[in-house]
Amino acid sequence: MNVSRIALTGGIAASTVLILAGTASAHVGVQPQGEAAKGGYATVNFKVPNERDNASTAKLEVSFPTEHPLASVMPQAVPGWDVAVTKSKLAKPLEMHGQKINEAVSKVTWTATGDKDERGIRPGSFQQFPLSIGQLPEDADQLVFKAIQTYDDKEVVRWIEEQKDGADEPENPAPVLKLTAAATGEHGADGKSGAGATTQATDKQTTAASDESSSDTTARVLGIVGIVIGIAGVAFGILAGRRRAA
């Protein structure tokens, strides 16, 4: 194998590292801060990456599952974004804390504000949208949220495909929130509901956020390393070829 071929191989390998690092979390997803226990309340983050080089994400719409309606959904303010919570009447009322609930949240929409050149999720960036949600169902292992991502050039990406057992991950998978076993007590380990249960989970929020940030940083570092190795390999092959020619 000559030097030029070695350089080409190195460049391909580096490009592969970059591709794997960039696609590790390239779709809209949802993760809890701490745990999302059945029958309790949780704070979750919808993570939205920008996959375009020449457009910014200007809008995110998240539809909530109708088979497991959530009566309590409270968004955390996100600078540079307006948020709207849409509720719909339930065919079958829910019972929460001794009260009948006749409507539940069906959709939450975030819309970027400000000047066009500065607003939204810009290329090479991602944004998290936090929500406090509950009461989580006790008879389900996960919740599927369908999301629609709109770019400022009017392109729309629908993250609505559900994963089927035994099948490969779909091209545009819907965000899935995995639920853990019910905590001790009616609405969490401290027996409290709503803000009380959410407050209890905050002890784990810093660790979860740190882990996620570490994962993103690792992917970016791998990508940069891949680029450097690829450039160095190609340059070395060119110089070696020139020396032989001389």
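The letter at position 174 of the sequence shown is residue 173 when you use my numbering, and the numbering goes up by one with no holes. Backbone N, C-alpha and C define an ideal beta-carbon position, used for all residues, glycine too.
Within 9 angstroms, strictly: CB atoms of residue i and residue j
i	j	result
F128	W109	yes
A173	V143	yes
G38	E137	yes
Residue range of the unbroken beta strand (DSSP E) whose run includes residue i
i	result
T56	56 to 62
S71	71 to 74
F45	41 to 48
V143	141 to 143
L89	80 to 95
N101	98 to 111
P129	125 to 133
K153	Here K153 belongs to no beta strand (DSSP E), and DSSP marks it neither H nor E.
G28	28 to 31
L178	No beta strand (DSSP E) contains L178, which DSSP labels as neither H nor E.
Contact set for residue i: own chain, Cβ-Cβ below 7 angstroms, skip 5 residues either direction
i	result
M95	A70, Q134
V156	Q148, N171
Q141	V175, L176, K177, L178
E168	Q162
G119	S55, T56, A57, A111, D151
P68	L89, L93, A103
F63	L69, V104, S105, K106, F144
K115	D151
A166	none
Cutoff 8 angstroms; reference residue i; Cβ partners in own chain excluding five residues on either side
i	result
T85	V104, S105, K106, V107, T108
G113	G79
I100	A70, L89, P92, L93, E94
D164	none
Proximity to residue i [Cα-Cα], best of the options
i	options	result
V27	A180, A182, L178, E160	E160
Q30	F45, K37, G113	F45
I147	N171, Q141, A181	N171
V43	A181, A182, V175	V175
V47	P64, A25, P68	A25
E117	G79, K99, I100	G79
T65	N49, G97, S87	S87
W158	V82, L59, A166	L59
V61	G165, E50, V82, K115	V82
Paired residues, beta bridge with residue i - DSSP
i	result
G38	Paired residues: none, contrary to the question.
I251	As displayed, the chain neither begins before 0 nor continues past 245, which places residue 251 out of reach and without an answer.
Q148	L59, V156
P172	E160
Nonlocal neighbours in the same chain, by C-beta distance under 6 angstroms from residue i, ignoring five residues either side
i	result
K153	none
A139	H67
M73	S131
D52	P122
A36	T179, A181, A182
Q75	P129
N49	T56, I120, P122, S124
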